[in-house]
Amino acid sequence: CDYIHWRDFFWSPARTWAEVRWVARRVYMTKDQLVKRFGEEIANVVPLGKSGPKDTRDDSPKYDPWNKAQVFEIWCKENKKVYWYADGTDVILDVKDDPLQLERFFPCPKPVAANVTSSNFMPRADYIFAQDQFNELDEINTRITWLTRAAKVVGVYDKSAEGIQRVFNQGTENQLIPVDNWALFAERGGIKGQVDWVPIEAVVNAINQLRQYRQDKVMQIYEVLGISDVMRGSSRASEPRRSRSRRSLVAPASS
751 CDYIHWRDFF
761 WSPARTWAEV
771 RWVARRVYMT
781 KDQLVKRFGE
791 EIANVVPLGK
801 SGPKDTRDDS
811 PKYDPWNKAQ
821 VFEIWCKENK
831 KVYWYADGTD
841 VILDVKDDPL
851 QLERFFPCPK
861 PVAANVTSSN
871 FMPRADYIFA
881 QDQFNELDEI
891 NTRITWLTRA
901 AKVVGVYDKS
911 AEGIQRVFNQ
921 GTENQLIPVD
931 NWALFAERGG
941 IKGQVDWVPI
951 EAVVNAINQL
961 RQYRQDKVMQ
971 IYEVLGISDV
981 MRGSSRASEP
991 RRSRSRRSLV
1001 APASS
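Numbering (the working numbering), first residue to last: 751 to 1005.
1. Evaluate the contact criterion for the segment 885-894 versus the segment 769-788: three or more CB pairs, one atom per stretch, below 8 angstroms.
2. Three-state secondary structure (DSSP) at A901?
3. Quick one: Cα of V698 to Cα of F879, how far?
4. In this structure, does DSSP put R721 in helix, strand or coil?
5. Nearest-angstrom Cα distance between I950 and G976?
6. State the start and end residues of the unbroken alpha helix (DSSP H) segment that holds I792.
7. Note the first and the last residue of the continuous beta strand (DSSP E) segment covering Q820.
8. Using 10 angstroms around the beta-carbon of F871, count the other beta-carbons present and answer buried if the total reaches 16, otherwise exposed.
9. Considering just the uninterrupted stretch of the alpha helix (DSSP H) at W932, what are its terminal residues?
10. If we ignore side chains and look at the alpha-carbon of each, how far apart do T839 and W761 end up?
11. State the start and end residues of the unbroken beta strand (DSSP E) segment that holds D844.
12. According to the neighbour-count rule (16 or more other Cβ atoms, all chains shown, within 10 Å of its Cβ), is K967 buried or exposed?
13. Pull up the distance between the alpha-carbon of V904 and that of M969, whole angstroms please.
14. Using the C-alpha atoms, what's the distance from A863 back to T766?
15. Thinking just about the alpha-carbon of each residue, which of P859, V841, E790, A936 is nearest to the one in C751?
16. Have a look at D979 and V845 and give me their C-alpha separation to the nearest angstrom.
17. With DSSP run on the structure shown, which of helix, strand or coil describes Y835?
18. Cutting at 7 angstroms between CB atoms, please list the residues of its own chain near Y833, excluding the five before and the five after it.
19. Rounding to the nearest angstrom, what Cα-Cα distance links R854 and T867 in this structure?
20. Once the 5 residues before and after F822 are set aside, which same chain residues still bring their CB inside 6 angstroms of it?
21. Just mark M981 as buried or exposed, buried being the case when its beta carbon has 16 or more other beta carbons within 10 Å.
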């Protein structure tokens, strides 16, 4: 069995897997592989290109041996045929009648698809069920970041008090800073009388409140996605089937 990247697997629009009319996979083939599989005449009409992300800089050689063609292998259940088509061509590379003679025709089982609906067989990420909560969580984290930057020790001091500045510029652990006129320094109230700090109590309180709100928002996301039930290992008859299915995959089997 071959591994197929999820971006290289396709199927027809349908409500359920039973209604799917065709499935296809995309493979990247070099010029030599095209010649070996389809013959030189067909290989010459298939355009080659980079198999990876497109680069705006066109500095590659005209005949790059690493260039590959995008070939689609399409299994059509309606007429029991397999088609090979290359992107950028107006001809079918090859057609074969039901090569495997399988009961359900398709050469692959039903793909694992999460969160499909009864009207569209298309997987959806868990993120969409809690998208609003995730956006709020991002906003909370942004506010906490900005408030944390604002929560710093900033203040003003009497410019004439040189000892005050030396305390912060030169002071280290267990070191005393001499003052030229102690009596005058004490008369002015000492350090408390000549230094005033910007109050940050409101900022700290806001950070604490946001952290609590963030925790509540995380728990809300856990509830929406069913993660909290997985962590608790509990089950309710009224809970969504999606939550029970996720827990059955995550929770360990009992001995």
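Where is the CB? At the ideal position from N, CA and C, for every residue including glycine.
So, to answer that:
1. Result no; under three Cβ-Cβ pairs closer than 8 angstroms.
2. The answer is coil: DSSP assigns A901 none of H, G, I, E or B.
3. The requested residue 698 is not part of the displayed model; the chain covers only 751 to 1005.
4. Beyond the ends of the chain as shown, which are 751 and 1005, falls residue 721; an answer cannot be given.
5. Straight through space, the alpha carbons of G976 and I950 are spaced by roughly 39 angstroms.
6. Its alpha helix (DSSP H) spans residues 790-793.
7. Counting along the chain, the beta strand (DSSP E) containing Q820 begins and ends at 819-826.
8. For F871, the number of other beta carbons within 10 angstroms of its own is at least 16, and it is reported as buried.
9. That run of the alpha helix (DSSP H) goes 932-937.
10. Here the C-alpha atom of T839 lies approximately 21 angstroms from the C-alpha atom of W761.
11. Taken as a continuous stretch (DSSP letters only), the beta strand (DSSP E) holding D844 covers 842-847.
12. In this structure K967 is buried. Its beta-carbon is surrounded by 16 or more other beta-carbon atoms within 10 angstroms.
13. Distance between the alpha carbons of V904 and M969 is about 36 angstroms.
14. If you take the alpha carbons of T766 and A863, they lie about 11 angstroms apart.
15. Checking every option, the nearest Cα to that of C751 belongs to P859.
16. A direct Cα-Cα distance of roughly 50 angstroms separates D979 from V845.
17. Three-state DSSP puts Y835 in a strand.
18. Once the five neighbours on either side are set aside, the close Cβ partners of Y833 are I824, C826, I842, V845.
19. C-alpha separation (whole angstroms): 23 angstroms.
20. These residues qualify, in order along the chain: A774, R776, Y835.
21. So M981 ends up on the exposed side.
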